[in-house]
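Visitor: Mind looking over this structure? Questions follow.
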Amino acid sequence: MTAPTAPQAPVLPPTRTVAVPLAAEPAAAGGDALFPLTWSQQYYLAEVDAARLHGRGLTVPRLYRLRAGTTETAVATALRRLVEGHDALRSRVVRTPEGPRQRVPERGTLLLAVHEAPAGDAGPHARAVLDALAAPPLDPADGLPLRAALVSSDGEPRFLALAFSHVAVDAYALVPVSAQLVEEIAETDPLPRRAAAGSGPGAGAGHGPRQQAAVEASPAGERAALRALRLAEETYRRAPAGRSPEPLAPANPRHRFLSHRSAVLSLAVGAVAARTGQSPAAVLAAALVALDAARSPAGADGGHPGQPRFGAVHLVAANRLRPETAAAVLPFSQPVPCCVDTAGVTFDTLVHRTAAASLRAYRAGGAPPDRLADLLATVERERGVRLDATPVLNWRPRATALPVRATTAAELANAAAATATGRAVADPWRAGHYLSADVDADGIALLVQVDTAVFPPDHGERHTAALERLLREAALDPALAALPDPTRPAAAHPSAGDGPAVRATD
């Protein structure tokens, strides 16, 4: 779904290729037999298949700087131990008439491409190798779900580049992967983040796709699915209708990506979090809920003032609440719907409501994607509207936390110049509007995806500007209403979508 004209990383042929033989311990049960994909794997497979149609891979790249003195043999050994030790890194999708399934071969070969970087150019060369490794689609039905390349300079290994299939891992799955590589060959985790609660040495060891699929097929798994489906139905029946019953004529390129880093946004989110005592994630989610509700007419659910006025957001839940899942090398993430009544409350109250609704959604967790899709279609038919998974918020906390403290109008005004907005090239998700937020002590970096078959091409710029205006005013005014007063012009409220847009530099 990314533009066919998007620049692709240049192909950098390796100087040679090293075959790393794999011979994992035989599985205690099941052996090489086919078994179902987990719910999260089903979700990611559908996303990967959709991205592949547009030449994108939806891979998860990592670039590890190697410790001085690391040998090529040590790298091959570390990779062998890593892949042999985690079934998800050997899993292969098998497409059957009944639907996709998977098997985990005990034996195989990982091909390690070896590149020689020019003297003094190992870092930039390694990043180019990683881009070339991650850009082409990785077919999860054809071979191992990862690619590997070693970058040397003056004959000494300097970097290890890895590109993983999203069907095999999510971001939390790579926390133990990186920890294992740091223990053996790497200097640091290239993208550190806080591990899931309950993780630690040995946590999740042995819990792979076969074990998780069995859990989901059990009576307890069915109860969990029904709980998640009940919450999803509640959201689908309350969420505002989509923008248009008919798709728009998409622009070329169809998917537009906007990167936005703003000191104002970071300060505002931290200030509202400090005042309300809720997390920065809840603050940003509340702002998205308010913008979603603002696009629907007042009283849309009942036709009278005072009736509930709901806004919805899909949150990406890690679903790692059980001890055996906390640090398992396996994807668990799925979008979970969250719906909040915004009528007649201040933004601070909406933050509290969103925090409670988010916790409920996270606890409900994921569900079988096919049953979610059937449920969505049923509710759309019964309501006579089109719904979409919009907006989606993927909150991605790093190892350090966003500062949470009060701010002032003067500080926000002075911070306005510290803004960087530009076009980006990225892999697309199946959503009209998808917002990724990378968050650490340096602030919030947004990546906004807009599907122009659902929204106008400038939706990303206008939506991001409205989001920042709303949060900026909320940071300074604890009494700010979550939604516009129906007796005042809509443009007087910061959530109005017709204000000035952020300006992207190409």
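Using full-length UniProt numbering, the first residue of the sequence shown is number 1, and each one after it goes up by one. Ideal Cβ placement from N, Cα and C applies to all residues, glycine included. All values derive from a computational prediction rather than experimental measurement.
(1) Count the other C-beta atoms from every protein chain shown that fall within 10 angstroms of the C-beta of N319, then say buried if there are 16 or more, exposed otherwise.
(2) Checking 8 Å against the spacing of the C-beta atoms, do H352 and Q307 come in under that value?
(3) Are the Cβ atoms of L34 and R107 separated by less than 8 Å?
(4) Over the uninterrupted alpha helix (DSSP H) stretch that includes N414, give me the two end residues.
(5) To which residues of the same chain is Q41 closer than 7 Å at the C-beta, ignoring the five residues directly before and after it?
(6) Quick check on the DSSP output: what are the complete beta strand (DSSP E) runs of length 3 or more inside the region 435 to 469, in order along the chain?
(7) Does DSSP put V385 in a helix, in a strand, or in coil?
(8) Can you tell me which of the three DSSP states E25 falls into?
(9) Which residues in the same chain have their Cβ closer than 6 Å to the Cβ of A286, if we skip the five residues on either side of it in sequence?
(10) Per the contact definition of three or more C-beta pairs closer than 8 Å, is the region 139 to 159 in contact with the region 65 to 75?
(11) Given a threshold of 16 other Cβ atoms within 10 Å of its Cβ, counted over all protein chains shown, does A19 qualify as buried or as exposed?
(12) Do residue 537 and A225 have their CB atoms nearer than 8 Å?
(13) Assuming A141 contacts R92 (C-beta within less than 8 Å), just tell me the rounded distance between them.
(14) Tell me which residue opens and which closes the beta strand (DSSP E) that A161 is part of.
(15) With distances taken Cα to Cα, identify the nearest neighbour of P36 among H86, P100, P61, A424.
(16) Can you check whether the CB of P240 is closer than 8 Å to the CB of S296?
(17) Could you tell me whether the region 399 to 407 touches the region 358 to 376, where touching means 3 or more Cβ pairs closer than 8 Å?
(18) Between T59 and S165, which are expected to be in contact by the criterion C-beta below 8 Å, what is the C-beta distance as a whole number of angstroms?
(19) For T378, count neighbouring C-beta atoms within 10 Å of its own C-beta (all shown protein chains included) and say buried if the count is 16 or more, exposed if not.
(20) For P124, which residues of its own chain have a beta-carbon under 6 Å away from its beta-carbon, when the five flanking residues on both sides are left out?
(21) Roughly how many angstroms separate the alpha carbons of P250 and L446, rounded to a whole number?
(22) Start and end of the beta strand (DSSP E) containing P335?
(23) Following the continuous beta strand (DSSP E) through G422, name the residue where it begins and the one where it ends.
(24) What residue does the beta strand (DSSP E) around R322 start on, and which one ends it?
(25) Hey, could you find the ends of the alpha helix (DSSP H) Q41 is sitting in?
(26) Would L138 and R62 be called neighbours here (beta carbons separated by less than 8 Å)?
(27) Let me confirm a value: L267 is counted as buried when at least 16 other C-beta atoms fall within 10 Å, else exposed. Which label applies?
(28) Between which two residues does the beta strand (DSSP E) containing P124 stretch?
(29) Would you check if the distance between the CB atom of R309 and the CB atom of L483 is smaller than 8 Å?
(30) Measuring alpha carbon to alpha carbon, tell me which residue in P176, R127, T419, E187 is nearest A161.
(31) According to DSSP, H102 sits in a beta bridge with which residue or residues?
(32) Helix, strand or coil: how does DSSP classify R230 here?
(33) How is the alpha helix (DSSP H) around Y64 delimited, first residue to last?
(34) Which residue wins for smallest C-alpha separation from residue 507, given the options A356, A364, R65, A327?
(35) Just to confirm, is the Cβ distance from L79 to A148 under 8 Å?
(36) Determine the DSSP secondary structure at V169, reduced to helix, strand or coil.
Guide: With the given structure in hand:
(1) buried
(2) no
(3) no
(4) 409 to 415
(5) A distance below 7 Å between beta-carbons, with the five flanking residues on each side excluded, links Q41 to the following residues of its chain, in chain order: V167, P209, P331.
(6) Runs of the beta strand (DSSP E) inside the region 435 to 469: 443 to 451.
(7) coil
(8) coil
(9) L350, V351, T354
(10) Contact check between the region 65 to 75 and the region 139 to 159: three or more CB pairs, one atom from each, fall below 8 Å, which counts as touching.
(11) exposed
(12) No statement about residue 537 is possible, as the shown extent of the chain runs from 1 to 506 and does not include it.
(13) 6 Å
(14) Element bounds for A161: 156 to 165.
(15) P100
(16) yes
(17) no
(18) 6 Å
(19) exposed
(20) No residues qualify anywhere along the chain.
(21) Between P250 and L446, the alpha-carbon positions lie close to 23 Å from each other.
(22) It spans 334 to 341 - the beta strand (DSSP E) in which P335 sits, taken as one unbroken run.
(23) G422 -> beta strand (DSSP E) spans 419 to 423.
(24) No beta strand (DSSP E) holds R322; DSSP gives it neither H nor E.
(25) 39 to 52
(26) Cβ atoms of L138 and R62: not closer than 8 Å.
(27) buried
(28) Per DSSP, P124 lies in no beta strand (DSSP E) segment; the continuous alpha helix (DSSP H) that holds it begins and ends at 122 to 134.
(29) yes
(30) Looking at the Cα atoms, R127 is the closest of the given residues.
(31) In the sequence as displayed, the identity of residue 102 is Gln instead of His. The beta-bridge partner set that DSSP reports for Q102 consists of F35, V93.
(32) helix
(33) Per DSSP, Y64 belongs to no alpha helix (DSSP H); it is in the beta strand (DSSP E), 59 to 65.
(34) An answer regarding residue 507 cannot be provided, because it is not within the stretch 1 to 506 covered by the chain.
(35) yes
(36) coil
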